[in-house]
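Participant:
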Amino acid sequence: MPRTFEPDQLLTALIDAFLKDGHFVHAKRGKMYVLVVTDEAGEERSSEFCLSDIADHMAKGMSK
33 MPRTFEPDQL
43 LTALIDAFLK
53 DGHFVHAKRG
63 KMYVLVVTDE
73 AGEERSSEFC
83 LSDIADHMAK
93 GMSK
């Protein structure tokens, strides 16, 4: 029997996980993003990832 995964459920789980790790989650242009800041060898870097797109991609892959 095929399973269907909803992007909203996965998005909620991703948001919760990143917030628990202390990352900054915010909305922009109708999508949710996370800002991840790393400090390697005294050099601080930041990267922004679209959690909405990740959840959508995951849901499509898992719903087969």
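Numbering (the numbering used here), first residue to last: 33 to 96. For each residue, glycine too, the CB sits at the ideal point set by N, CA and C. Just so it is clear, the structure is predicted and the values come from calculations on it, not from any experiment.
Who pairs with residue 58 in a beta bridge, going by DSSP?
Facilitator: Within the sequence shown, numbered from 1, the residue matching residue 58 stands at position 26. In the DSSP output, where bridge partners are listed per residue, residue 58 has 65.
Participant: Rounding to the nearest angstrom, what Cα-Cα distance links residue 94 and residue 71 in this structure?
Facilitator: Position 62 of the sequence shown holds residue 94. Position 39 of the sequence shown holds residue 71. The straight-line gap from Cα to Cα measures roughly 33 angstroms.
Participant: What does a CB cutoff of less than 7 angstroms around residue 55 pick up in its chain, not counting 5 residues either side in sequence?
Facilitator: Here the question's residue 55 lines up with position 23 in the sequence shown. Closer than 7 angstroms at Cβ, skipping near neighbours: 66, 67, 68.
Participant: Measuring alpha carbon to alpha carbon, tell me which residue in 37, 77, 75, 85 is nearest residue 59.
Facilitator: Counted from its first residue, the sequence shown places residue 59 at position 27. Considering only alpha carbons, the answer is 85.
Participant: Over what stretch of residues does the alpha helix (DSSP H) that includes residue 50 continue unbroken?
Facilitator: As a position in the sequence shown, residue 50 is number 18, starting the count at 1. Its alpha helix (DSSP H) spans residues 39-52.
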